[in-house]
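Engineer: Residue numbers (UniProt numbering): 1 to 265.
Even for Gly, the Cβ is constructed at its ideal location relative to N, Cα and C.
#1: Might you give, ordered along the chain, the residues of its own chain that have their beta carbon closer than 7 Å to the beta carbon of residue 146, omitting 5 neighbours on each side?
#2: Could you give the first and the last residue of the continuous beta strand (DSSP E) run that contains residue 45?
#3: Would you tell me roughly how many angstroms separate the C-alpha atoms of residue 126 and residue 176, rounded to the nearest one?
#4: Any contact between the stretch 245 to 265 and the stretch 86 to 96? By contact I mean 3 or more CB pairs, one from each, below 8 Å.
#5: Residue 37 to residue 17, Cα distance in whole Å?
#6: Take residue 34 as the anchor and find which of 101, 245, 15 has the nearest alpha-carbon.
#7: Whose C-alpha, out of 205, 22, 116, 214, is nearest the C-alpha of residue 254?
#8: Going by DSSP, which residues form a beta bridge with residue 117?
#9: Can you have a look at residue 13 and say buried or exposed, based on whether 16 or more other CB atoms are within 10 angstroms of its CB?
#10: What is the residue span of the alpha helix (DSSP H) that residue 15 lies within?
#11: Just the C-alpha distance for residue 245 and residue 191, rounded to the nearest angstrom, thanks.
#12: Where residue 117 and residue 153 are concerned, what is the direct C-alpha to C-alpha distance, given to the nearest angstrom?
#13: Can you name, in chain order, every residue of its own chain whose Cβ lies under 6 Å from the Cβ of residue 156, other than the five neighbours on each side?
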């Protein structure tokens, strides 16, 4: 019987080692996971979850991914943020939460995990809408980010609106379409924020039914043409959710790219 690729979204994972707050709202928090083994302090990997910015999807569905990364020796922070459908979510709260969380998490993690985490700028690993948020932070606050691994990202909000991804998800985030709130798209859309100088790798499955791979192809071509430090790794035959599933065939490739980003720091 075929395995449901969405199974990772509800798969149990070990509880995090610590939860730290970067704000007063209950969703302005991050779950920390200690790196396995011994060794020197390393920069944090901040996981920015997807779910089309909607309240029904939270950081818990990245638990299996975060636990797998920690088992490989990475200190991990699973960032939470206010989402659409919640008070304060959407524009601008979702975006400002992620900016603040990414800026503050290295120090919070270094205090919680002495001698295992540096205060250096982290690597951001963002999936789907989380990939959008990771690239948004890199474009608008580059000093807080050392590198981005964007997995099946919503990299072009204008095109995502035109394609009506997830039944109006972009309009729910920004409060309307590009002709209604153009200033918000100008401020939040990675396609309009290039060049992005932070080293970025985009990974996308060719069979993605949630975020079409063409969006990443077009975005990376445009971003590279504008002078961004960016590359695309297309995964033939892979779909949307396997990129965050440590039990999937795509996972070793994701881990290899993360290792190349992290080891260069």
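Structural biologist: Answer, in terms of the structure:
#1: 43, 120, 121, 122, 123, 265
#2: 45 to 48
#3: 24 Å
#4: no
#5: Taking the straight line joining both Cα atoms gives about 15 Å.
#6: 15
#7: 205
#8: 42
#9: buried
#10: From DSSP, residue 15 is part of no alpha helix (DSSP H); its letter is neither H nor E.
#11: The straight-line gap from Cα to Cα measures roughly 27 Å.
#12: 27 Å
#13: Only 191, 215, 219 meet the Cβ criterion.
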